[in-house]
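Student: Here it is: the structure, laid out below.
Residue numbers (UniProt numbering): 1 to 289.
Structure below.
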């Protein structure tokens, strides 16, 4: 697998004294569609905002890939307000604020309107749009410029089946073009038809990370490494190594859940740093706690 273009390493976040994310680590790879799922209060929205750069962290790191340029982020929030603009007026305004040349902007809006089946001649103001129409405009505004990663917060939520299908088709075209997409979603249609990877949160921790292979969703194999931290300054350097999903303290030991493909690298680093390995266990993602 290619090097990640964006990573979170051992990220923690609290609000009003309550920890909503604890030790979350994950990597986003170019061309993947990643869907983040979880019940209300799981930390899903907080993780999504931190990944997109719209949220802050208390500890841990958010990093770009070593060879990545400054990432161009497209962001579609969970909803748009009903404004006194036509769709084209709004998109032109958003594009000009972002410094897009007018001829280029007009051409891009025309392309997006064709893709999302909207008429550029429509003079109806957005305040009269249906939720489905507003969601199309929402995604379009995020795509006005070339985008390295498109972030979408619940893009299908509350839409009728026909509009959901239209958006699935449009997003499928982005996928075919190799676009990297990160989204939150409850809809199984999004997961079944588009997702390359599904990350599940519970109580502020990543409990499952599943990738699609040959058309089916297959869990990643993990190793759970338990070690004693004999040299905290040295060992802590390795908390953000690629593949680490979760790390927690249990008495005198640290317990780390790491993708099996990265476990040898972590074990070697821990031993070189002076850690004492207590145990190494194999688990599937669905069993990860």
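Glycine included, C-beta positions come from ideal geometry on N, C-alpha and C.
Kindly give me the distance between the Cβ atoms of residue 207 and residue 149, rounded to whole angstroms, as I take these residues to be in contact under 8 Å.
Tutor: Stepping through the chain shown from its first residue, residue 207 is reached at position 207. Stepping through the chain shown from its first residue, residue 149 is reached at position 149. So it is not a contact: roughly 24 Å between Cβ atoms.
Student: Just verifying my parser: in three-state terms, what is the DSSP assignment at residue 172?
Tutor: The residue labelled residue 172 in the question sits at position 172 within the chain shown. Of the three classes helix, strand and coil, the one that applies to residue 172 here is helix, per DSSP.
Student: Near residue 118, which residues of its chain fall below 7 Å by C-beta distance, leaving aside the five closest residues on each side in sequence?
Tutor: To locate residue 118, count along the chain shown from 1; it is residue 118. Excluding sequence neighbours, residue 118 sits near 87 and 136.
Student: Which value, in whole angstroms, describes the spacing of the CA atoms of residue 151 and residue 181?
Tutor: On the chain shown, position 151 is the one that residue 151 refers to. On the chain shown, position 181 is the one that residue 181 refers to. Taking the straight line joining both Cα atoms gives about 6 Å.
Student: Just tell me which of 283, 64, 251 and 93 has its CA closest to the CA of residue 263.
Tutor: As a working note, residue 263 is residue 263 in the chain shown. Measuring from the Cα of residue 263, the nearest candidate turns out to be 283.
Student: Is the distance from the Cβ of residue 13 to the Cβ of residue 58 below 7 Å?
Tutor: The residue you call residue 13 lines up with position 13 of the chain shown. The residue you call residue 58 lines up with position 58 of the chain shown. In contact: residue 13 and residue 58 (Cβ atoms closer than 7 Å).
Student: May I ask you to report which of helix, strand or coil DSSP gives residue 100?
Tutor: Position 100 of the chain shown holds residue 100. It is coil, neither helix nor strand.
Student: I'd like the span of the beta strand (DSSP E) that includes residue 119, first residue to last.
Tutor: For this step, residue 119 is matched to residue 119 along the chain shown. Where residue 119 is concerned, there is no enclosing beta strand (DSSP E), given that its DSSP letter is neither H nor E.
Student: May I ask you to report which of helix, strand or coil DSSP gives residue 93?
Tutor: Numbered from 1 along the chain shown, position 93 holds the residue referred to as residue 93. The answer is helix: DSSP assigns residue 93 an H, G or I state.
Student: Would the beta-carbon of residue 79 fall within 7 Å of that of residue 184?
Tutor: Mapped onto the chain shown, residue 79 falls at position 79. Mapped onto the chain shown, residue 184 falls at position 184. No, the Cβ-Cβ distance between residue 79 and residue 184 is not below 7 Å.
Student: Straight-line CA distance for residue 187 to residue 145?
Tutor: Translated into the one-based positions of the chain shown, residue 187 becomes position 187. Translated into the one-based positions of the chain shown, residue 145 becomes position 145. Between residue 187 and residue 145, the C-alpha separation is close to 27 Å.
Student: Going by the CB atoms, is the gap between residue 278 and residue 200 shorter than 7 Å?
Tutor: Position 200 of the chain shown holds residue 200. Position 278 of the chain shown holds residue 278. No, Cβ-Cβ distance for residue 200 and residue 278 is not below 7 Å.
Student: May I have the straight-line CA-CA distance separating residue 195 from residue 30, to the nearest angstrom?
Tutor: Position 195 of the chain shown, counted from the start, is the residue given in the question as residue 195. Position 30 of the chain shown, counted from the start, is the residue given in the question as residue 30. Those two C-alpha atoms are separated by around 14 Å.
Student: Evaluate the contact criterion for the stretch 84 to 103 versus the stretch 160 to 174: three or more CB pairs, one atom per stretch, below 8 Å.
Tutor: Contact fails: fewer than three Cβ-Cβ distances are below 8 Å.
Student: Which value, in whole angstroms, describes the spacing of the CA atoms of residue 125 and residue 35?
Tutor: Your numbering for residue 125 matches position 125 in the chain shown. Your numbering for residue 35 matches position 35 in the chain shown. When rounded, the distance between both Cα atoms is 32 Å.
Student: Name the DSSP bridge partner or partners of residue 36?
Tutor: Here residue 36 refers to the residue found at position 36 of the chain shown. 184 and 199, per the DSSP bridge assignment.
Student: Between the C-alpha atoms of residue 46 and residue 63, what's the straight-line distance to the nearest angstrom?
Tutor: As a first step, residue 46 must be located in the chain shown, where it is residue number 46. As a first step, residue 63 must be located in the chain shown, where it is residue number 63. When rounded, the distance between both Cα atoms is 17 Å.
Student: For residue 24 and residue 8, I'd like the C-alpha separation in whole angstroms.
Tutor: Walking along the chain shown from the start, residue 24 turns up at place 24. Walking along the chain shown from the start, residue 8 turns up at place 8. Cα-Cα distance, rounded: 7 Å.
Student: Return the CA-CA distance between residue 229 and residue 210, expressed in angstroms with no decimal places.
Tutor: Position 229 of the chain shown, counted from the first residue, corresponds to residue 229. Position 210 of the chain shown, counted from the first residue, corresponds to residue 210. One C-alpha to the other measures close to 30 Å.
Student: To which residues of the same chain is residue 160 closer than 7 Å at the C-beta, ignoring the five residues directly before and after it?
Tutor: As a working mapping, residue 160 is identified with position 160 in the chain shown. 132.
Student: By the three-class DSSP mapping on this structure, what secondary structure does residue 22 have?
Tutor: Mapped onto the chain shown, residue 22 falls at position 22. Of the three classes helix, strand and coil, the one that applies to residue 22 here is strand, per DSSP.
Student: Tell me the residue span of the alpha helix (DSSP H) that contains residue 269.
Tutor: By 1-based counting over the chain shown, the position of residue 269 is 269. That run of the alpha helix (DSSP H) goes 260 to 272.
Student: Which two residues bound the contiguous alpha helix (DSSP H) that contains residue 136?
Tutor: Here residue 136 refers to the residue found at position 136 of the chain shown. That run of the alpha helix (DSSP H) goes 131 to 142.
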